[in-house]
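In what follows, a single structure is set out as structure tokens and then discussed.
Numbering (the working numbering), first residue to last: 26 to 547.
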């Protein structure tokens, strides 16, 4: 394995060297970096030209200048990275650090959500092959896959931000026509997803439709869209809703990972959920209270790790013979319970944030990464970041989601037709066991390749999205460098995306051996 990794890293470095050499020379020869100064009327224009020539080594031919740039990149191996300067005399490494933080934040959220939704919906469409649900998802996937990203971004700004903000300013009341239409659509989706005979589909349609209509009527009548907390008669029911989600998470995770034949894993999951419910109120007045504790992103991540470890520990202590399954269930239920608590905490600051002087009742942002000069607690600033991430993340998510859905469906269908799957069913294994333990793991092998390339590709694709939403990330750095014939920021963008593409390609190869024991690295 070590020999394989070293060999692949050497090949990756050689590929990156060749690619950066070509790109650097193409950018350097594409225009004149002194063009803005040549047309300047400043009295010291000649001194400015000479200073830029010295700063960017413009008196050296581009093929040789590349090696000057490469020597600065080589300093990264000893902790002294030098990406050079822009034509505005700014250190590229400083601009790259700020841009990477913005872009990675955007790409990570959209990619994680796209992977989860794409794989889950891809699995359900494969299991409901040729149903109305399958045809509907296929149509939507191809539609999203074919849409240009800039057009999707513009539509999201028009209807996802401007339209929704107008709706909130008008009081957040849902019209009866919308309730009827949305209820019918939801009922059809659930009826096609659950399947069965006509009687079962009709019952599913009726139950889901009534539930959807009831929730929408409640949200509209109580002003939930303006203050997303569940209340009845002034009483806050957040703990009830949070507790219901925790219990549902325990039941759902247990159903997927172990089934209900053995009771101990279910008891472990419910115990972890119950622990989360018990800790809900104390957490609101201690760690999650802005006036009692100063929260930060690193501490929040540490808290998430501790939460998962507590769930895993409960499974290890009380799992008995099903310890392995109990540890997985405990960890997942703990993570989902903590996630629900965090979401609820952010919901509590929605109204103060929306009604603040900087937001003025229009919380869905259309441009930028943050609201300038916004003051508030960690939760208010986090909500502000999320509202700015919402639209660009959805734009990137829709394109990636379409691909993940189609590849997952095709891969799982191919695996389900294999001989060992028919053998597993013939042995009397439950459909859950066949799909989760036998089919799903093997179906992930081609998906690992798609995910690896999509992560690096999203950073490149984020250039257009960042441009539309005014997001000052790596896309802006790249575009500005191209406009000014400035190779150094362009190369900073290229070397990061190229290195990520090669790195995740290597990770995909290693994931093959982890997913399928028949694959050996030699």
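We treat Cβ as the ideally placed atom computed from N, Cα and C, and that holds for glycine.
Everything numeric in this text was worked out from a predicted model, so none of it was measured.
Rounded to whole angstroms, what is the Cα-Cα separation between residue 383 and residue 395? 11 Å
For residue 17, the residue or residues it bridges with in DSSP: Outside the shown range of the chain, which is 26 to 547, sits residue 17, and nothing can be said about it.
In terms of residues, what are the limits of the alpha helix (DSSP H) holding residue 433? Note, residue 433: alpha helix (DSSP H), 403 to 441.
For residue 385, which option in 399, 286 and 28 has the closest C-alpha, if you only look at C-alpha atoms? 399
Hey, how far is the Cα of residue 30 from the Cα of residue 514? 30 Å
Comparing alpha-carbon positions, which option in 438, 480 and 78 lies nearest residue 110? 78
Output yes or no for whether 8 Å exceeds the beta carbon distance between residue 469 and residue 540. Result yes, Cβ atoms of residue 469 and residue 540 sit closer than 8 Å.
Where residue 116 sits in the DSSP three-state scheme: strand
To the nearest angstrom, report how far apart residue 305 and residue 347 are at their CA atoms. 28 Å
What is the residue span of the alpha helix (DSSP H) that residue 292 lies within? 288 to 310
Nearest-angstrom beta carbon gap, residue 536 and residue 473 [assumed within contact, 8 Å]: 4 Å
Say whether the region 138 to 157 touches the region 423 to 434, bearing in mind that this needs 3 or more beta-carbon pairs closer than 8 Å, one atom from each stretch. yes
Let me check one thing: in DSSP terms, what residues is residue 110 bridge-paired to? 116
Residue 61 burial status per 10 Å Cβ neighbour count (16 or more: buried): exposed
Relative to the C-alpha of residue 231, which residue among 247, 214 and 413 is closest? Ranked by Cα distance from residue 231, the options 247, 214 and 413 are led by 214.
Continuous alpha helix (DSSP H) stretch holding residue 322: start and end: 322 to 343
Rank 41, 27, 39 and 58 by C-alpha distance to the C-alpha of residue 510 and give the top, closest one. 58
How about residue 41 and residue 502: are their beta carbons less than 8 Å apart? no
Buried or exposed, going by whether 16 or more other CB atoms sit within 10 Å of the CB of residue 267? So residue 267 ends up on the buried side.
What whole-angstrom Cβ distance do residue 124 and residue 497 have, given they're in contact under 8 Å? 7 Å
Cα-Cα separation, residue 338 to residue 355: 8 Å
Return the first residue and the last residue of the alpha helix (DSSP H) that residue 173 is part of. No alpha helix (DSSP H) holds residue 173; DSSP gives it neither H nor E.
Kindly indicate the opening and closing residues of the alpha helix (DSSP H) around residue 191. 188 to 194
Of the residues 416, 138 and 163, which one's Cα is nearest the Cα of residue 390? Checked all of 416, 138 and 163; the closest Cα to residue 390 is 416.
Give the range of the alpha helix (DSSP H) segment to which residue 105 is assigned. Run containing residue 105: none; DSSP gives neither H nor E here.
Alpha carbon to alpha carbon, how far is residue 224 from residue 145? Give it in angstroms, no decimals. 27 Å
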